[in-house]
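First residue of the sequence shown: 402, per the numbering used here; consecutive thereafter. Report on one structure; see the data block that follows.
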Amino acid sequence: MDYSIRPLTQQDEPFLWEMLYEAAHIVEEGNLTVQDAMNNPDLAKYVKDWGRKDDSGFIATLESNNQPVGAAWLRLLTGENKGYGYVDDQTPELAIAILPQHRNKGIGTQLLTHLLAAAKTFYPSISLSTRATNPAVGLYKRFGWEVLADSETINRVGGVSFKMKIDF
């Protein structure tokens, strides 16, 4: 393993914007910039003002130069601020992304392992929203996430997305 995993801090917010872009970019098929993600209120709610009381997550960095390469984070989005994966006011939503050149190296698995171990002490479950064709669906299922019945929707780019949830 040539990378290390540590908890996210407020100082990591700029990298979270880049990771939000990567997560949304996959869905958008190339029609999005980091600034577009920051300006989209439906996306920005996952990162804006990172470091609130209920925010938690982990970042993967290269051991050689401490460069960040991926992140997985949770945010409790409730009331008027509900996210794409909203299920209830006690269940935070997962966001995760890895820089393209570092994917398929086990980094997402390690980030989720750390995140789930920490989250079990604070939350009864975690939800997420994903497109049906996302290669990470298999990873989520291996960890125990299940597709929620009747949660399929047509996403903002015309594809199918659904919600998944893991209960502890």
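Backbone N, C-alpha and C define an ideal beta-carbon position, used for all residues, glycine too.
{"Item": "If we call anything under 7 Å between Cβ atoms a contact, is ALA438 one with LEU417?", "Value": "no"}
{"Item": "So the alpha helix (DSSP H) VAL561 belongs to, where does it begin and stop?", "Value": "Premise fails: VAL561 lies in the beta strand (DSSP E), 561-568, not in any alpha helix (DSSP H)."}
{"Item": "Ignoring anything shorter than 3 residues, give me the beta strand (DSSP E) runs that lie fully in the stretch 489-529, in order along the chain.", "Value": "494-499"}
{"Item": "Quick check on DSSP: helix, strand or coil for LEU417?", "Value": "helix"}
{"Item": "Against chain B, does LEU478 count as a neighbour if the rule is that its beta carbon must be under 7 Å from one of theirs?", "Value": "The chain inventory of the structure shown lacks chain B, comprising one protein chain alone."}
{"Item": "Give the DSSP-derived three-state secondary structure of TYR447 in the structure shown.", "Value": "coil"}
{"Item": "Please classify SER570: is it buried, with 16 or more other beta-carbons within 10 angstroms of its beta-carbon, or exposed?", "Value": "Residue 570 is absent from the model: the chain starts at 402 and stops at 569."}
{"Item": "Thinking C-alpha only, which one of THR554, ASP490, MET565 is nearest ARG476?", "Value": "ASP490"}
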